[in-house]
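Undergrad:
There are 2 protein chains.
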Amino acid sequence: MRPLSSFFPVLDWGRRYDRHALTGDLVAAVIVTIMLIPQSLAYALLAGMPPEAGIYASIAPIILYALFGTSRALAVGPVAVVSLMTAAAVGEIAAQGTAGYVAAALTLAMLSGLMLLALGLFRLGAFANFLSHPVIAGFITASGILIAASQLRHVLGIPGGGHTLPQIAASLWRNLPEINLPTLVIGGGSIAFLFWVRSGLKPLLRRAGLGPRAADIGARTGPVLAIAASILAVVLFDLDAHGVAIVGDVPRSLPPLTLPSFSPDLISQLFVPALLISIIGFVESISVARTLAAKKRQRIDPDQELIGLGAANLGAAFTGGFPVTGGFARSVVNRDAGAETPAAGAYTAVGLALAALFLTPLIHDLPKATLAATIIVAVLSLVDLSILRRAWSFSRADFGAVVTTIALTLLIGVEAGVMAGVLVSILIHLYKTSRPHMAVVGRVPGTEHYRNVLRHEVETQPHVLALRVDESLYFPNTHFLEDRLAELIAERPALTDVVLMFPAVNDIDLSALESLEAINARLRDADLRLHLSEVKGPVMDRLERSHFLDELTGGVFLSHHAATRALARPGNGGNDGVEEHGLYVI
Amino acid sequence: MRPLSSFFPVLDWGRRYDRHALTGDLVAAVIVTIMLIPQSLAYALLAGMPPEAGIYASIAPIILYALFGTSRALAVGPVAVVSLMTAAAVGEIAAQGTAGYVAAALTLAMLSGLMLLALGLFRLGAFANFLSHPVIAGFITASGILIAASQLRHVLGIPGGGHTLPQIAASLWRNLPEINLPTLVIGGGSIAFLFWVRSGLKPLLRRAGLGPRAADIGARTGPVLAIAASILAVVLFDLDAHGVAIVGDVPRSLPPLTLPSFSPDLISQLFVPALLISIIGFVESISVARTLAAKKRQRIDPDQELIGLGAANLGAAFTGGFPVTGGFARSVVNRDAGAETPAAGAYTAVGLALAALFLTPLIHDLPKATLAATIIVAVLSLVDLSILRRAWSFSRADFGAVVTTIALTLLIGVEAGVMAGVLVSILIHLYKTSRPHMAVVGRVPGTEHYRNVLRHEVETQPHVLALRVDESLYFPNTHFLEDRLAELIAERPALTDVVLMFPAVNDIDLSALESLEAINARLRDADLRLHLSEVKGPVMDRLERSHFLDELTGGVFLSHHAATRALARPGNGGNDGVEEHGLYVI
Chain A
1 MRPLSSFFPV LDWGRRYDRH ALTGDLVAAV IVTIMLIPQS LAYALLAGMP PEAGIYASIA
61 PIILYALFGT SRALAVGPVA VVSLMTAAAV GEIAAQGTAG YVAAALTLAM LSGLMLLALG
121 LFRLGAFANF LSHPVIAGFI TASGILIAAS QLRHVLGIPG GGHTLPQIAA SLWRNLPEIN
181 LPTLVIGGGS IAFLFWVRSG LKPLLRRAGL GPRAADIGAR TGPVLAIAAS ILAVVLFDLD
241 AHGVAIVGDV PRSLPPLTLP SFSPDLISQL FVPALLISII GFVESISVAR TLAAKKRQRI
301 DPDQELIGLG AANLGAAFTG GFPVTGGFAR SVVNRDAGAE TPAAGAYTAV GLALAALFLT
361 PLIHDLPKAT LAATIIVAVL SLVDLSILRR AWSFSRADFG AVVTTIALTL LIGVEAGVMA
421 GVLVSILIHL YKTSRPHMAV VGRVPGTEHY RNVLRHEVET QPHVLALRVD ESLYFPNTHF
481 LEDRLAELIA ERPALTDVVL MFPAVNDIDL SALESLEAIN ARLRDADLRL HLSEVKGPVM
541 DRLERSHFLD ELTGGVFLSH HAATRALARP GNGGNDGVEE HGLYVI
Chain B
587 MRPLSSFFPV LDWGRRYDRH ALTGDLVAAV IVTIMLIPQS LAYALLAGMP PEAGIYASIA
647 PIILYALFGT SRALAVGPVA VVSLMTAAAV GEIAAQGTAG YVAAALTLAM LSGLMLLALG
707 LFRLGAFANF LSHPVIAGFI TASGILIAAS QLRHVLGIPG GGHTLPQIAA SLWRNLPEIN
767 LPTLVIGGGS IAFLFWVRSG LKPLLRRAGL GPRAADIGAR TGPVLAIAAS ILAVVLFDLD
827 AHGVAIVGDV PRSLPPLTLP SFSPDLISQL FVPALLISII GFVESISVAR TLAAKKRQRI
887 DPDQELIGLG AANLGAAFTG GFPVTGGFAR SVVNRDAGAE TPAAGAYTAV GLALAALFLT
947 PLIHDLPKAT LAATIIVAVL SLVDLSILRR AWSFSRADFG AVVTTIALTL LIGVEAGVMA
1007 GVLVSILIHL YKTSRPHMAV VGRVPGTEHY RNVLRHEVET QPHVLALRVD ESLYFPNTHF
1067 LEDRLAELIA ERPALTDVVL MFPAVNDIDL SALESLEAIN ARLRDADLRL HLSEVKGPVM
1127 DRLERSHFLD ELTGGVFLSH HAATRALARP GNGGNDGVEE HGLYVI
């Protein structure tokens, strides 16, 4: 049985909590709270939700993850890609700004939470692994492009929408005449300022005498400065009256208790999007958690992470939020600010709750263009087309998967992109393993080593064919072995013995067993004997569960050299040559 | 470039054709023609086609396969499972007995022919391998049950229909009161007679002095005898007037030239069924061809077989037939009757053409119950539930695939059964390879051999962790390796060096490369060095296309023993211990 603390990691670190940890956690919480306010507002905008939802979505989830998650530094809340996917999924069901939209987002968070919990309780975290790295990289890059494109209209001050690149581009083009100059000045200025902050502010702070870590944190205040400055500009020049869209009234409230819709119709419509959001969110979060944990030799339990993220999303669903996951930027800030334990997250939650109660009037005049600018600058760091070059140079198969994912995400949408990426990756794997590498081997003269006859100068005998199979045998490739053997045998009229060398055969399924039985029977009909050499322990165990070894016309040899010695006799033909019948147990 | 004779195998054997081969082929053709007449009529009934279509479907396809196919003994024509699938697919589109039904069957044959040709020309025969043996065995067994059940109504003389077992059973039950006694006597009598022929006639013929081969062929005339006797019974007792359904008027004609429909609607409706029929037909045919070829050490070229079967189906589509493939029963008769070359098939075609011209009036009074009886007796030999026991004892995964296939074929239909079988097989494979076997290894004392520490008494060192990975590394299992390593490292505080042993890693994809890079970076952050040992040639080639080897903190060792020697020093910690950096090229 698993100990209780494996379900509630808080029981583990909570017991050792001391004053040193408390100080570190409190300092980190203050810094992270300040960072999270603009980020939360921006991702709420991206998800099509009211701004306060972004703050609500950062409070309960942070606390719940702190209770159930295994990462010490992960900060959970709204993140760019999941917010985009939320907008795409919920946008199919209701119009932004309606009560139906908010209700659907809550339901999406609930479904995603339940799925993550279920995957975690059944310990099925491995399912997320069917998203290959290149597919994820391609997807994140394409999502970054989509997000940046979708926010351009806020910077230009024009209406518009769309969930694919062609839709967004067409909408931008159509509405371009309505461009609002004050909005463009604020939005463009914010983008320029934020880019400068990234490259210029940190060196400036270092020269001003700050330490590297403090300079790093100082440079991350860029969004806060941009927001303060643009609020000031709106108030001073009455830009609201000049057509600059502002955030407007935000309720002063703790996160409200909300009830997601349980309508079966809505649930069935949101099922697939929720699954994809869960998997993408989990994959993103766990890769952040692993990266952060590795430096401290801490361990991340994927199944427990699923439970932590599931609880966080359920929390978001019942407190006015929307789907959340562990984000890279917020987690790094958290760690760099000196967070010692998950309690830092809980303190951050308190900070955000205070902000939701007392600071929301301050953001009434915040221009949406500034929020869009922070999103654009943040997501452009996600866009990394170098994956294309990397994949191309490493393998054409991976390249195909990446290109498919990027193209479909941009042209058809995020859901199609993810699903196509998974499908293409699996098909490529099946295709590759369906035509395994096999080598006819011969003896390196004077040694007990056997190598590919095509790559090396080796000795072979006309009456023995030795074929090394470099792949597990399973249904897609069994006929390939049969056909290859038939071809090799047809070329060798003097043949009396065939040895299959299995050092790299890790598994055999029933198809492969039947194929081996067929090969054995066909060789027997053609007066040829079949031998095996260097069979692995688990494969041998499996073969012993069938009648194959009883029917095998030849022997099973510990080493390939033993097979060669047994068969290498002048006039060899009878069965008496096979003296050695050892098993190679690993 | 491929020689012309590889596209037209006839150019190869045709050149060596002599009097001996001619005699053998002619004798076989006469025997096979007699066998094929009842079989062709019966499968036409099963496919829901007019009886003469069965004979037409055996003429052009036989000739076209003889020109393009590679098997010397394969006989192509209507077979049970493909006829059932035809009835299921076409039955969705038109009612049996209508012109639309026949037209749809022609279109289905054309689509199937084009798909087979395309797969052959693009050399994609390997696609058929995604049907695993257990899935095929389950599917054939379930199809046999469905076919036998579907023919019961003809034996009982009642109306009915249905394409799933529950539908067929319900229809039988509903119509049972309408049972026709004379039909039941003829049908039941035929079944009893045919079963007796299978078991009793051959020994009788042997005792009567016939040789084993002649007795075998004699025993196969059972269906012809049953048909002759039941026609006689109908004529003598005027059973037609007593409600016994008979075949009725069959036109006396050579195969007509027919044009399939090119309606896009029809084509899109039949696309998936045509693909499944093509694959099932190909899989059945090639397994027959391989079995027949093996005894003579002949080779079957799967891609050329696709072309041969594609041509045969196109022939069926344009001469009044329906989808065809290579059948086991007819091929065995053909071979046992002494066929020497594919020309025997051509002579059989001539015999069937003569039968279509002159013998069709004779079958006017043939009861459908007798044809149904021949089908039932023939397909019950396909039903082999032993695959369930076999799969259960060999592996639970294979068992799951078989049960799913059988259940879905019986309950939902042939198409759902095949597709679910393929899907389940692939998922099982992905699941298995996503959690590969890995073993921490240690040295067998006094040797250079390294074995699993859990299975053997071996020596290990506290500062070195050696992990053997027994699977190719690709996206579903890379995180598994990361997590397992993190776990092992967390347990070993004294660790300084990690060696990954790769003798059974046959391939590495980009996800796995990135995972190895992440592992290397994380270990470096934790002051651990990463080494590789016994990396295979192709994997090494691939790693060299990336920067991984430049960044690797440790070495790559020819043998695992070399790694152990290099690392096994007191106070080992620096990088200078790694002197050997050889590559293991296979």
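Residue numbers (my numbering), protein chains in the order written: chain A, 1 to 586; chain B, 587 to 1172.
Ideal Cβ placement from N, Cα and C applies to all residues, glycine included.
Along the chain, where does the beta strand (DSSP E) that runs through residue 700 of chain B open and close?
TA: Per DSSP, residue 700 of chain B belongs to no beta strand (DSSP E); it is in the alpha helix (DSSP H), 685 to 707.
Undergrad: Roughly how many angstroms separate the alpha carbons of residue 775 of chain B and residue 816 of chain B, rounded to a whole number?
TA: Going by the C-alpha atoms only, they are around 9 Å apart.
Undergrad: For residue 634 of chain B, which option in B:781, B:704, B:957 and B:928 has the closest C-alpha, if you only look at C-alpha atoms?
TA: Measuring from the Cα of residue 634 of chain B, the nearest candidate turns out to be B:957.
Undergrad: Taking residue 715 of chain B as the query, report the chain A residues whose CB atoms sit under 8 Å from its CB, ordered along the chain.
TA: 434, 475, 476, 477, 478, 479 and 480, listed in chain order.
Undergrad: For residue 767 of chain B, tell me which candidate among B:747, B:760, B:740 and B:781 has the shortest Cα-Cα distance.
TA: Out of B:747, B:760, B:740 and B:781, B:740 has the C-alpha closest to the C-alpha of residue 767 of chain B.
Undergrad: Rounded to whole angstroms, how far is the Cβ of residue 322 of chain A from the Cβ of residue 109 of chain A, which I believe are closer than 8 Å?
TA: The Cβ separation is near 5 Å, so the contact holds.
Undergrad: List the residues of chain A that residue 1132 of chain B touches, going by C-beta distances under 9 Å, in chain order.
TA: By Cβ distance, chain A contributes 390, 393 and 394.
Undergrad: Tell me the rounded alpha-carbon separation between residue 919 of chain B and residue 719 of chain B.
TA: One C-alpha to the other measures close to 25 Å.
Undergrad: Which first and last residues belong to the alpha helix (DSSP H) in which residue 984 of chain B is found?
TA: Residues 982 to 997.
Undergrad: Would you mind reading off the limits of the beta strand (DSSP E) that contains residue 1083 of chain B?
TA: Taken as a continuous stretch (DSSP letters only), the beta strand (DSSP E) holding residue 1083 of chain B covers 1083 to 1087.
Undergrad: How far does the beta strand (DSSP E) with residue 76 of chain A in it reach, from first residue to last?
TA: 75 to 77 is the span of the beta strand (DSSP E), which, as asked, contains residue 76 of chain A.
Undergrad: Reducing DSSP to helix, strand and coil, say where residue 305 of chain A ends up.
TA: Three-state result, residue 305 of chain A: helix.
Undergrad: What do you get for residue 1015 of chain B, buried or exposed, if any count of 16 or more other CB atoms within 10 angstroms of its CB means buried?
TA: Answer is buried; the Cβ neighbour count reaches 16.
Undergrad: What are the boundary residues of the beta strand (DSSP E) that residue 1024 of chain B is part of?
TA: Note, residue 1024 of chain B: beta strand (DSSP E), 1024 to 1029.
Undergrad: Can you find the residues in the same chain that come closer than 6 Å, C-beta to C-beta, to residue 1085 of chain B, ignoring five residues on each side of it along the sequence?
TA: Answer for residue 1085 of chain B: 1052, 1117, 1119 and 1149, listed in chain order.
Undergrad: Let's see if you can read the secondary structure: which residues bound the alpha helix (DSSP H) around residue 616 of chain A?
TA: What is shown of chain A runs 1 to 586, which leaves residue 616 of chain A out entirely.
Undergrad: Around the Cβ of residue 752 of chain B, are there at least 16 other Cβ atoms within 10 angstroms (buried) or fewer (exposed)?
TA: Exposed, because fewer than 16 other Cβ atoms sit within 10 Å of the Cβ of residue 752 of chain B.
Undergrad: Sorted by chain position, which residues of the same chain lie with C-beta nearer than 8 Å to residue 966 of chain B's C-beta, five sequence neighbours on each side aside?
TA: Here the set comprises 730 and 734.
Undergrad: Could you tell me whether any Cβ in chain A is nearer than 9 Å to the Cβ of residue 876 of chain B?
TA: Cβ-Cβ to chain A under 9 Å: yes for residue 876 of chain B.
Undergrad: Does the stretch 976 to 986 of chain B come close enough to the stretch 756 to 771 of chain B to have 3 or more Cβ pairs within less than 8 Å?
TA: These segments do not touch.
Undergrad: Quick one: grab the DSSP three-state call for residue 566 of chain A.
TA: Three-state DSSP puts residue 566 of chain A in a helix.
Undergrad: In whole angstroms, give me the CA-to-CA distance for residue 463 of chain A and residue 553 of chain A.
TA: So the alpha carbons of these two residues sit roughly 16 Å apart.
Undergrad: If you follow the alpha helix (DSSP H) that residue 773 of chain B is in, where does it begin and where does it stop?
TA: Residue 773 of chain B -> alpha helix (DSSP H) spans 767 to 782.
Undergrad: In this structure, how does DSSP classify residue 324 of chain A when only helix, strand and coil are distinguished?
TA: If DSSP states are grouped into helix, strand and coil, residue 324 of chain A belongs with coil.
Undergrad: Name the DSSP bridge partner or partners of residue 1054 of chain B?
TA: Paired residues: B:1025 and B:1087.
Undergrad: If the cut-off is 8 Å on Cβ atoms, which residues from the stretch 506 to 536 of chain A count as contacting chain B, listed in chain order?
TA: Those would be 506, 507, 509, 510, 511, 513, 514, 515, 518, 521, 522, 525, 526 and 536, in chain order.
Undergrad: Please report the Cβ distance between residue 12 of chain A and residue 347 of chain A, rounded to the nearest whole angstrom; I am assuming they are in contact, meaning their Cβ atoms lie under 8 Å.
TA: At roughly 19 Å, the Cβ-Cβ gap does not stay under 8 Å, so residue 12 of chain A and residue 347 of chain A are not in contact.
Undergrad: Alpha carbon to alpha carbon, how far is residue 567 of chain A from residue 558 of chain A?
TA: One C-alpha to the other measures close to 14 Å.
Undergrad: Against residue 560 of chain A, what residues of chain B qualify as contacts under a CB-to-CB distance less than 7 Å, listed in chain order?
TA: None at all; the shortest Cβ gap to chain B is about 13 Å.
Undergrad: Applying a beta-carbon distance threshold of less than 7 Å, which residues of chain A neighbour residue 1057 of chain B?
TA: Chain A residues near residue 1057 of chain B: 506.
Undergrad: Give the range of the alpha helix (DSSP H) segment to which residue 1015 of chain B is assigned.
TA: That run of the alpha helix (DSSP H) goes 1000 to 1020.
Undergrad: Would you call the CB atoms of residue 325 of chain A and residue 255 of chain A closer than 9 Å?
TA: Cβ distance not < 9 Å, so residue 325 of chain A and residue 255 of chain A don't count as in contact.
Undergrad: Residues in the stretch 992 to 1017 of chain B with C-beta within 9 Å of chain A's C-beta atoms, listed in sequence order?
TA: Going along the stretch 992 to 1017 of chain B in chain order, one finds 1011, 1012, 1014, 1015, 1016 and 1017 with a Cβ nearer than 9 Å to chain A.
Undergrad: Consider the Cβ of residue 1069 of chain B: report whether some Cβ of chain A lies at a distance smaller than 9 Å.
TA: Cβ-Cβ to chain A under 9 Å: yes for residue 1069 of chain B.
Undergrad: Identify the residues that DSSP records as bridge partners of residue 556 of chain A: which are they?
TA: Residue 556 of chain A pairs with A:532.
Undergrad: Comparing the C-beta of residue 12 of chain A with each C-beta of chain B, is any distance below 9 Å?
TA: Not closer than 9 Å to any Cβ of chain B, the Cβ of residue 12 of chain A fails to qualify, so no.
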